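Notes for the one structure printed next.
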Amino acid sequence: MNKKDIAVLKEIVGEMNVKDNPADLYVYGSDSSVHESPAWIVVRPTDVPQIQALVRYANEKKIPIVPRGSGSGMSGQAVPVHGGISLDMKRMNKILEINLKDAYCQVEAGVIDDDLNRALKPYGVMYPVAPASSRVATIGGEIANNASGVRSVKYGAVRDSVLGMSVVLANGELIRLGCKTRVHASGYQLDRLMVGSEGTLGIIVDCILKFVPIPKYRCLGVANFKELEKAGEAIADIMSCGAQPSLLELMDNVAITAVNKTMNLGLPDVEAILMFEADGMVKEAVDYEIEKMIGICKDHGGENIRKSYDAKERTALFAGRKKLFPALSKYMELKSCTSLADDMAVPYSKMAETARKIHDIADKNHVIMTAYGHCGSGCMHTKILMDTTKKESWNNAKQAVSEIYEYVISIGGSTSAEHGIGLSKAHAFKKEKFDSLNVMMAIKNAMDPNNILNPGKLMSAPDDWLTATELRYGMG
Amino acid sequence: MEYKNLEKWHDILNKCIRCGYCFENCHIYKITGWETDTPRGKLTMLHGVLQNDIEPTDYLVEKIFECYNCKRCNSACSAKVDVTGLFQDAKMDFIEAGFDVEGTVSGTNPDICSRCKICISVCKHEARSYDEKNDCIVVDKAKCQSCGCCVAACPSGAAYSRIGFGLSQQELLEQLEQYLEGVS
Numbered sequence: 392m393n394k395k396d397i398a399v400l401k402e403i404v405g406e407m408n409v410k411d412n413p414a415d416l417y418v419y420g421s422d423s424s425v426h427e428s429p430a431w432i433v434v435r436p437t438d439v440p441q442i443q444a445l446v447r448y449a450n451e452k453k454i455p456i457v458p459r460g461s462g463s464g465m466s467g468q469a470v471p472v473h474g475g476i477s478l479d480m481k482r483m484n485k486i487l488e489i490n491l492k493d494a495y496c497q498v499e500a501g502v503i504d505d506d507l508n509r510a511l512k513p514y515g516v517m518y519p520v521a522p523a524s525s526r527v528a529t530i531g532g533e534i535a536n537n538a539s540g541v542r543s544v545k546y547g548a549v550r551d552s553v554l555g556m557s558v559v560l561a562n563g564e565l566i567r568l569g570c571k572t573r574v575h576a577s578g579y580q581l582d583r584l585m586v587g588s589e590g591t592l593g594i595i596v597d598c599i600l601k602f603v604p605i606p607k608y609r610c611l612g613v614a615n616f617k618e619l620e621k622a623g624e625a626i627a628d629i630m631s632c633g634a635q636p637s638l639l640e641l642m643d644n645v646a647i648t649a650v651n652k653t654m655n656l657g658l659p660d661v662e663a664i665l666m667f668e669a670d671g672m673v674k675e676a677v678d679y680e681i682e683k684m685i686g687i688c689k690d691h692g693g694e695n696i697r698k699s700y701d702a703k704e705r706t707a708l709f710a711g712r713k714k715l716f717p718a719l720s721k722y723m724e725l726k727s728c729t730s731l732a733d734d735m736a737v738p739y740s741k742m743a744e745t746a747r748k749i750h751d752i753a754d755k756n757h758v759i760m761t762a763y764g765h766c767g768s769g770c771m772h773t774k775i776l777m778d779t780t781k782k783e784s785w786n787n788a789k790q791a792v793s794e795i796y797e798y799v800i801s802i803g804g805s806t807s808a809e810h811g812i813g814l815s816k817a818h819a820f821k822k823e824k825f826d827s828l829n830v831m832m833a834i835k836n837a838m839d840p841n842n843i844l845n846p847g848k849l850m851s852a853p854d855d856w857l858t859a860t861e862l863r864y865g866m867g
Numbered sequence: 029m030e031y032k033n034l035e036k037w038h039d040i041l042n043k044c045i046r047c048g049y050c051f052e053n054c055h056i057y058k059i060t061g062w063e064t065d066t067p068r069g070k071l072t073m074l075h076g077v078l079q080n081d082i083e084p085t086d087y088l089v090e091k092i093f094e095c096y097n098c099k100r101c102n103s104a105c106s107a108k109v110d111v112t113g114l115f116q117d118a119k120m121d122f123i124e125a126g127f128d129v130e131g132t133v134s135g136t137n138p139d140i141c142s143r144c145k146i147c148i149s150v151c152k153h154e155a156r157s158y159d160e161k162n163d164c165i166v167v168d169k170a171k172c173q174s175c176g177c178c179v180a181a182c183p184s185g186a187a188y189s190r191i192g193f194g195l196s197q198q199e200l201l202e203q204l205e206q207y208l209e210g211v212s
C-alpha cells in the first residue's frame with residue numbers, strides 16, 4: 392500500500408475516518424484471541440456507497456480488506472493476518488426500522504447488540520441471542536460468526552434470527568439477500584451462506600432481524616451434583632424429554648473452585664452445578680417446565696435444589712456463573728486465561744464424558760482447563776490457564792487443543808459452537824469438514840476471485856495456529 | 029526507554045483478555061469511536077511498548093494521558109485489571125522519559141493566575157503545588173485525575189482543563205440537534 396492508495400482511501404471516507412499511525416495499526420491488529428498482526432491502515436466508513444467504493448478500490452489493487460466489529464472475537468477473525476485494510480464498521484450504527492406489525496427490525500451492521508435490545512425493550516420485544524459479549528459485540532460481527540449465547544437453547548443462534556441482509560460483494564456490488572418475511576422458499580439461501588462466513592464472502596452492511604416478545608416470567612433453578620456424570624445425564628434427559636429450558640448451564644469443579652477462591656461466593660464443593668431456567672408469558676407454563684427440570688435433576692442425584700422468580704434472587708443464584716470469567720483470570724497469579732479450544736459443540740449424551748476428557752487431557756499436558764457452558768444448546772466452553780510467558784506452556788496447550796478436537800470430532804461434535812474458526816481453530820475445522828472444503832473453496836473463489844476479503848481465514852488459514860501470527864502475549 | 033513503574037504490570041497486561049467490556053463505559057471512546065481511545069486499546073498499546081513491538085511516540089503518550097479517571101473501566105473489566113492504576117504508572121514513566129503532552133490534564137495560565145492557591149487546597153489528588161522559585165502553580169501530570177475541581181474553584185479563571193473532549197460546546201449542541209432530528 393503506497394501514499395496514493397492512502398490518499399484515495401482518505402478521499403472516499405474523509406481524512407478524519409482514516410488512521411495509519413503505528414499505534415492505531417497495532418491496536419487494530421488484535422482482538423480477544425491469542426493472535427496479533429497489524430493492519431496497514433484502519434478505515435471507518437459511515438455509509439454503504441463508501442463501503443462499495445472502498446471494496447471496489449481494494450479489489451482493483453488486490454489489497455486485503457478485513458471487516459471488524461468491536462474486535463471481541465476469540466479466534467482471530469478480525470486479525471489482519473495478511474495486513475491490508477481493517478474496515479471498522481462501528482460507525483454504521485443506525486437502527487433503520489422497527490416494524491412491530493411485521494415483527495422485524497432492520498439495523499446497520501455496526502449496531503451493538505445491547506443497544507438494539509435497549510431500543511426494542513419499550514415495545515416489549517427482544518432480539519434474543521444474548522451472547523456474553525452483547526454489551527460490545529456488533530450485530531454484523533455476530534452474523535459473520537453465527538454467534539449464540541445462554542438463551543440459544545430456546546431461541547436459537549444468530550442464524551435463527553436473521554431474515555435477510557444487504558451485502559457488498561468483492562466487486563463492490565450491493566446485493567440484498569433474504570427478505571422481510573419469516574419464510575422464503577426459492578433459490579439458494581444466500582443469506583444463510585453469509586451467516587458464519589467470517590467476512591470472507593462479502594461485507595454485511597445491514598440486516599433484517601426477527602424479534603420475540605420479552606417473557607413476563609422467568610424462573611431460575613440451581614442443582615448441585617456430587618458426580619459430573621450425573622449432571623451430564625440430567626442435561627441429556629432435560630433436552631430429550633421435551634422440556635423447553637431458556638437456559639441450561641453447567642459449571643465443573645475447576646470453575647467452582649476458581650469462583651470460590653477469588654470471589655468468596657461460598658459455592659458448594661461438588662463436581663458440578665447445573666443452572667436451568669424457564670421463561671414464558673404464563674406462570675403456570677413456566678412452573679410446569681421448571682418442575683419438570685427439577686424432577687429430572689432429583690432423579691439423577693441433584694441436591695440442594697433452589698428456584699426463584701425474583702430478579703434479585705436469580706442474579707444471586709447465577710452469580711457463580713456470571714463471575715466465572717473474572718474468577719478464572721484471577722485463579723492463579725502467574726497464569727493467564729487464553730481463548731483456545733473454547734467452544735466445542737458436543738452431543739447432549741456426551742457432555743459429562745467430554746468434561747471429564749477435557750480434564751484428563753489438561754492433566755496429561757500440564758495445563759489447567761475448566762469445562763462450563765451453554766450445555767442446553769450443546770456448547771461446551773473451556774479456557775486454558777497457563778503461564779503465557781513460557782514457550783513450553785504454548786507447546787503443551789497446542790498438544791492439549793489438538794487432542795481435545797480429535798476427541799470432539801470422534802464423538803460427532805463440532806469445532807466451534809459459537810465463537811467461529813478464524814485462525815486458531817482452522818486446523819480442527821479442516822479436519823472436521825475435510826469432505827466439504829473443496830466446495831467451500833469453490834464458493835470463495837467464485838465470490839472473491841482476487842482473495843481480498845479477510846484472506847487467510849477459515850479453510851484458508853494456516854494449519855499451525857501457534858505460528859500463524861505473532862502471539863499477543865508477552866513471552867519471557 | 030526504561031519502564032520502572034510500568035514493568036511490574038507485565039503479567040497483568042497478559043491477564044487482560046481483551047473482551048472489550050470496557051468500551052461502553054469509556055466517555056472518550058463514546059465521543060471518538062476509535063478503539064485506540066478505549067481502555068483496552070490503551071492497554072494494548074502499553075503492552076506493545078513493553079514488548080518493544082511499537083515505539084512510545086507523542087501520539088501514543090497523548091492517548092494515555094487522555095483519561096478522565098472515572099474508573100468505570102476498572103469496574104467493567106472482566107479480568108478485574110486495575111486499568112487506571114496501570115495508566116498512572118505508565119504516565120510516571122513517560123514523564124520521567126521527558127514526554128510533555130497535554131492529554132486531559134489540568135493546567136494554569138500564569139498570566140491571569142492570582143496565586144491565591146485555592147486550586148492547591150481543593151485538589152484531592154495532591155497534584156498541584158506552588159513553585160516559589162518561579163512563582164507559579166505547577167501540576168503533576170501523573171497525579172492529576174482531570175476531575176475539574178481546580179477549574180471550578182479558580183476565582184480568576186486561570187485553571188483550565190479540556191472540557192467536552194474533542195468537541196467545543198457549540199459542536200456538542202450541533203451534534204445533539206442532529207441526533208434529536210434523527211430520533212424524531
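Protein sequences, first through last, are from chains A and B. The first sequence begins at 392 in the numbering used here and counts up one residue at a time. The second sequence begins at 29 in the numbering used here and counts up one residue at a time. Glycine included, every Cβ here is placed at the ideal spot set by N, Cα and C. Please read these numbers as outputs of a predicted model, since none were measured by experiment.
When secondary structure is reduced to three states using DSSP, residue 562/A falls in the coil class, being assigned neither helix nor strand. Assigned with DSSP and collapsed to three states, residue 740/A falls in helix. Chain-ordered, the chain A residues with CB closer than 8 Å to the CB of residue 73/B read 414, 417 and 418.
When the beta-carbon positions are compared, residue 670/A and residue 604/A stay at least 8 Å from each other. Beta-bridge pairing by DSSP links residue 772/A to 734/A and 763/A. Rounded to the nearest whole angstrom, the C-alpha separation of residue 427/A and residue 855/A is 15 Å. When the five nearest sequence neighbours on each side are left out, the beta carbons in the same chain lying within less than 6 Å of the beta carbon of residue 33/B are those of 117, 120 and 121, in order along the chain. No Cβ of chain A is located within less than 8 Å of the beta carbon of residue 169/B. Collapsing the DSSP output to three states places residue 666/A in a strand.
Secondary structure at residue 518/A: coil, using DSSP grouped into helix, strand and coil. Shown here for residue 65/B: same chain residues with a beta carbon closer than 6 Å to its own, the five before and five after excluded, namely 56 and 57 in chain order.
In the DSSP assignment, residue 611/A forms a beta bridge with 668/A and 699/A. For residue 490/A, the enclosing beta strand (DSSP E) has its first and last residue at 486–490. When the Cα atoms are used, residue 449/A and residue 653/A turn out to be separated by approximately 49 Å. When only Cα atoms are considered, residue 779/A and residue 789/A end up about 12 Å apart. The Cβ-Cβ distance between residue 573/A and residue 617/A does not fall below 8 Å. Residue 87/B sits in a helix when the DSSP states are folded into three classes.
The Cβ atoms of residue 813/A and residue 589/A lie closer than 8 Å to each other. With the criterion set as a beta carbon lying under 7 Å from some beta carbon of chain B, the members of the region 437–468 of chain A are 461, 462 and 463, in sequence order.
Neighbours of residue 864/A across chain B, judged by C-beta separation under 8 Å: 42.
With a threshold of 8 Å between beta carbons, residue 58/B makes no contact with chain A.
The region 425–445 of chain A makes no contact with the region 820–828 of chain A: fewer than 3 CB pairs, one atom from each, lie closer than 8 Å.
Excluding residues up to 5 positions away in sequence, 650, 656 and 658 lie with their Cβ nearer than 6 Å to the Cβ of residue 711/A in the same chain.
Taking the Cβ atoms as the reference, residue 611/A lies roughly 42 Å from residue 439/A, outside the contact range of under 8 Å. In this structure, DSSP gives residue 616/A an extended state, which the three-state scheme calls strand. The residue among 49/B, 60/B and 42/B with its C-alpha nearest the C-alpha of residue 76/B is 42/B. In the DSSP assignment, the residues bridged to residue 459/A are 479/A. Nearest CB-CB separation between residue 78/B and chain A: below the 8 Å threshold. In the displayed model, residue 55/B falls within a helix according to three-state DSSP. The way I'd put it, the region 459–472 of chain A does touch the region 524–532 of chain A; three or more beta-carbon pairs between them come closer than 8 Å.
Chain A has no Cβ within less than 8 Å of the Cβ of residue 207/B. Proximity of residue 122/B to chain A, defined by a Cβ-Cβ separation below 8 Å, is not satisfied.
Proximity of residue 648/A to chain B, defined by a Cβ-Cβ separation below 8 Å, is not satisfied.
The DSSP assignment places 530–536 and 543–546 as complete runs of the alpha helix (DSSP H) inside the region 525–550 of chain A, in order along the chain (cut-off: 4 residues). At a C-beta separation below 7 Å, residue 422/A has these neighbours in chain B: 46. With a threshold of 8 Å between beta carbons, residue 725/A makes contact with chain B.
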